[in-house]
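S.K.: Read left to right, the sequence shown gives residues 184 to 591 (this note's numbering).
Take this structure, written in structure tokens, and hold onto it; I'll ask about it next.
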Amino acid sequence: MSFEMDSPPARRRVGAPVFMSPEHVAALKEVDDAPFGRAHVKVALVAGVGFFTDAYDLFAISIVSVIIGMVYGTCDSSNCAGDAPGNHLSSTQDLGIKVAALVGTLVGQLVFGWLADKVGRKRMYGIELMLMIISTFGQAISGGARSVNVIGTLIAWRFVMGIGIGGDYPVSAVIASEFASSGARGRLMTAVFAAQAWGTFTGPLVALVVVSGFRQPPGHNLSLEDLDAMWRLIIGLGCVPAAVALYFRLTISETPRFTIDIEHNIKQAQRDIHDTFHERNSSDHSDVDVQRVQAPLFTVKDFTAYFSRWKNFKVLFATAYSWFALDIAFYGLFLNNALIQTDLISRTSTTKSYLIKVCNASLLTSFPLILGSYTCFLFIDSWGRKPIQLMGFTALAIVFLIMGESSP
Numbered sequence: 184m185s186f187e188m189d190s191p192p193a194r195r196r197v198g199a200p201v202f203m204s205p206e207h208v209a210a211l212k213e214v215d216d217a218p219f220g221r222a223h224v225k226v227a228l229v230a231g232v233g234f235f236t237d238a239y240d241l242f243a244i245s246i247v248s249v250i251i252g253m254v255y256g257t258c259d260s261s262n263c264a265g266d267a268p269g270n271h272l273s274s275t276q277d278l279g280i281k282v283a284a285l286v287g288t289l290v291g292q293l294v295f296g297w298l299a300d301k302v303g304r305k306r307m308y309g310i311e312l313m314l315m316i317i318s319t320f321g322q323a324i325s326g327g328a329r330s331v332n333v334i335g336t337l338i339a340w341r342f343v344m345g346i347g348i349g350g351d352y353p354v355s356a357v358i359a360s361e362f363a364s365s366g367a368r369g370r371l372m373t374a375v376f377a378a379q380a381w382g383t384f385t386g387p388l389v390a391l392v393v394v395s396g397f398r399q400p401p402g403h404n405l406s407l408e409d410l411d412a413m414w415r416l417i418i419g420l421g422c423v424p425a426a427v428a429l430y431f432r433l434t435i436s437e438t439p440r441f442t443i444d445i446e447h448n449i450k451q452a453q454r455d456i457h458d459t460f461h462e463r464n465s466s467d468h469s470d471v472d473v474q475r476v477q478a479p480l481f482t483v484k485d486f487t488a489y490f491s492r493w494k495n496f497k498v499l500f501a502t503a504y505s506w507f508a509l510d511i512a513f514y515g516l517f518l519n520n521a522l523i524q525t526d527l528i529s530r531t532s533t534t535k536s537y538l539i540k541v542c543n544a545s546l547l548t549s550f551p552l553i554l555g556s557y558t559c560f561l562f563i564d565s566w567g568r569k570p571i572q573l574m575g576f577t578a579l580a581i582v583f584l585i586m587g588e589s590s591p
């Protein structure tokens, strides 16, 4: 049986009703009503590993930049005291290796977000992870030459990595949301985003293990070769979780909502739903003549018309601005977490003990992210989304005011 239409879907006025077949409604209802089970756990794990890797790759640079500065940086009279190397990156170099990934993330979000709507979530899912694996490995083996130094090579690789991370952000979030049932969507999305907290925490944890694992004879300090190997190992280990998740990403089925609403292939969606949730509720309609739905083809004009209405625009603006306001503090603090710690920790110790102190301090400041994530997971359905967000922003405003007033 062919499910292709003889003619393209007719254009319609924005806001006009779309009439769906009983099979269309039944398929969507099965996804919405599915109880929280193994299928949701699998989606959360597959998407969560991506968020974990994103956070690890982005924020491990906080400690890594300190170690890179010891190897490739310069020294001035104000920070050369003590046994710990006083070399450090210039402010331009430090900014470059941190911001490059964020610029790439912006590019990746726009490109992969658009492609996910054009060709499907499944086709894009895994490509962004490949970019992250290749670029992370490239960072770990970065070298210098007469025309470009290690810092320049790192900046280039981190930009490419950022494109992959930017692609993973929207695609993972959309896949988790479109597989989730209406009753479990809040918990599923919270569980996926909690992986970002774990990735942020794991960065300094891995750095602590790596630094502690390097041995030197009594009375000797860590050599530049030791330090150079340290940062490469910390960065390179970011490939491991991404490689583990790659197979599952490439084999995951297309989301039922995309198959139904964009591809209009209800029968394929029914098969995907059955394979995912191991139920046959919607497949009971397999003997009915299933046709593609006359769904609207949205254009830039439709987008503009829809969001020109205040009730629609305010939802988009409030959500986007909330992310913007949060990320200013989140990325600003955690990308520079170790740099802030270096100003608070004395350099009179050996290099190894100094770095261990920096790692411990970074662990202490990143662990509350995990507590907050799972507090949200436990109460998101009872307290609601909006009250939790209001409490979070209120707490952040108070904390930042206290931090600002207490700064010298």
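Just so it is clear, CB atoms sit at the ideal spot from N, CA and C, and this is done for glycine as well.
Could you say if the region 381–388 and the region 240–248 meet the contact criterion of at least three C-beta pairs nearer than 8 angstroms?
M.R.: Yes, they touch.
S.K.: How would you label residue 494, buried or exposed, when you count the other beta carbons within 10 angstroms and need 16 or more for buried?
M.R.: The residue labelled residue 494 in the question sits at position 311 within the sequence shown. The residue is exposed, with fewer than 16 neighbouring Cβ atoms inside 10 Å.
S.K.: Here's the rule I'm using: 16 or more other beta-carbon atoms within 10 Å means buried, otherwise exposed. How should residue 586 be labelled?
M.R.: Within the sequence shown, the letter at position 403 stands for residue 586. Residue 586 is exposed by the Cβ-count criterion.
S.K.: Using 8 angstroms as the Cβ pair cut-off and three pairs as the minimum, do the region 548–560 and the region 277–294 touch?
M.R.: Output reads no: the region 277–294 does not touch the region 548–560.
S.K.: Let me know the secondary structure DSSP gives residue 403 once reduced to three states.
M.R.: In the sequence shown, residue 403 corresponds to position 220, counting from 1. If DSSP states are grouped into helix, strand and coil, residue 403 belongs with coil.
S.K.: Does the region 539–547 come close enough to the region 359–378 that 3 or more CB-CB pairs lie under 8 angstroms?
M.R.: No, the region 359–378 does not touch the region 539–547.
S.K.: Enumerate in chain order the residues of its own chain whose CB-to-CB distance from residue 317 is below 8 angstroms, with the five nearest sequence positions on each side excluded.
M.R.: Within the sequence shown, the letter at position 134 stands for residue 317. Contacts found: 343.
S.K.: Under a Cβ-count criterion, where at least 16 other Cβ atoms within 10 Å of its own Cβ denotes burial, should residue 450 be classed as buried or exposed?
M.R.: Sequence index remark: in the sequence shown, residue 450 carries index 267 (1-based). Label assigned to residue 450: buried.
S.K.: From the DSSP output, which residues share a beta bridge with residue 257?
M.R.: Counting from one through the sequence shown, the residue named residue 257 turns up at place 74. Residue 257 is bridged to 271.
S.K.: From what residue to what residue does the alpha helix (DSSP H) around residue 550 run?
M.R.: Translated into the one-based positions of the sequence shown, residue 550 becomes position 367. Unbroken alpha helix (DSSP H) run through residue 550: 534–566.
S.K.: Using the three-state DSSP reduction, which class does residue 437 fall into: helix, strand or coil?
M.R.: Translated into positions along the sequence shown, residue 437 becomes position 254. Residue state, collapsed to three classes: coil.
S.K.: Note down the Cα distance separating residue 257 from residue 251, rounded to an integer number of angstroms.
M.R.: By one-based count along the sequence shown, residue 257 stands at place 74. By one-based count along the sequence shown, residue 251 stands at place 68. If you take the alpha carbons of residue 257 and residue 251, they lie about 11 angstroms apart.
S.K.: Can you tell me which of the three DSSP states residue 387 falls into?
M.R.: The count along the sequence shown starts at 1 and reaches residue 387 at position 204. If DSSP states are grouped into helix, strand and coil, residue 387 belongs with the helices.
S.K.: Pair every Cβ in the region 305–322 with every Cβ in the region 424–437, then say whether three or more of these pairs are closer than 8 angstroms.
M.R.: Touching, per the Cβ criterion.
S.K.: If you reduce the DSSP assignment to three classes, tell me which class residue 380 lands in.
M.R.: Here residue 380 refers to the residue found at position 197 when the sequence shown is read from its first residue. In the structure shown, residue 380 sits in a helix (DSSP, three-state: H, G or I).
S.K.: Distance check for residue 329 and residue 436, CA to CA, integer angstroms please.
M.R.: What you label residue 436 is simply residue 253 of the sequence shown in a count that begins at 1. What you label residue 329 is simply residue 146 of the sequence shown in a count that begins at 1. Taking the straight line from one Cα to the other gives about 48 angstroms.
S.K.: Any idea what DSSP makes of residue 463, helix, strand or coil?
M.R.: Residue mapping note: residue 463 aligns to position 280 of the sequence shown, counting from 1. Any answer about residue 463 is weak, because its pLDDT of 43 lies below 50 and its placement is not dependable; what the coordinates show is given next. Here residue 463 sits in coil by DSSP.
S.K.: Taking residue 520 as part of the alpha helix (DSSP H), name the residues at either end of that continuous run.
M.R.: Taking the first residue of the sequence shown as 1, we reach residue 520 at position 337. Note, residue 520: alpha helix (DSSP H), 520–527.
S.K.: Can you tell which of 533, 346, 396, 562 has its C-alpha closest to the C-alpha of residue 294?
M.R.: Against the sequence shown, residue 294 aligns to sequence position 111. Checking every option, the nearest Cα to that of residue 294 belongs to 346.
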